[in-house]
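Notes follow the structure.
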Amino acid sequence: VKYGLIPEFIGRIPVSAVLEPLDEQALEAILTEPRDALVKQFQTLLSMDSVRLEFQPEAVRAIAREAHRRKTGARALRGIIEDLMLDLMYDLPSQNEVQKFVITEELVDECHGNKVLPHPSSLEQQSA
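Heads up, the sequence shown is in the working numbering, so the first residue is 150 and it goes up one at a time.
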């Protein structure tokens with residue numbers, strides 16, 4: 150332990166684990182691969198309102214890049230996606246003409262706090 154905890158305290162912990170920081174590829178895998186991955190959770194949530202949510206690979210990479218930049222590991226992933234999705238989860242269900250929403254790298258980059266500026270190409274309108 151380089152800093153943060155006194156040696157006497159560390160000596161009382163029976164198990165120690167050495168942790169390595171997660172790289173961007175590991176964060177991307179955490180976002181998409183597990184059965185209950187964050188991307189899949191939000192897709193399921195919006196599918197309840199008949200909206201198909203799609204994350205482009207570049208968008209997943211941009212989310213992982215932002216989490217890596219924050220240096221908080223996988224903890225940052227949920228917060229980043231929630232910031233991105235907050236307005237969308239509120240607005241999309243009331244827009245009956247929207248069947249599909251695509252999360253792009255540009256959309257991730259334009260997300261500032263809870264304000265999302267949807268790119269027009271992200272919306273796919275229902276055929277009349």
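Using N, Cα and C, we set each Cβ at its ideal position, and we do this for glycine too.
Okay, do the stretch 204-218 and the stretch 239-250 touch, 3+ Cβ pairs below 8 Å being the bar?
no
What does the alpha-carbon distance come out to for the pair LEU195 and GLU169?
34 Å
To the nearest angstrom, how far is the alpha carbon of ILE155 from that of PRO242?
52 Å
ARG219 in three-state terms, based on DSSP:
helix
Throw me the rounded Cβ distance for the LEU202 and GLN192 pair, which I believe falls under 8 Å.
5 Å
Out of ARG210, ASP198 and ALA166, state which residue places its alpha-carbon closest to the alpha-carbon of ALA178.
Among ARG210, ASP198 and ALA166, the Cα nearest to that of ALA178 belongs to ARG210.
Would you mind working out which of ARG218, LEU233 and GLN244 sits nearest GLU255, comparing C-alpha positions?
Of ARG218, LEU233 and GLN244, the residue nearest in Cα terms is LEU233.
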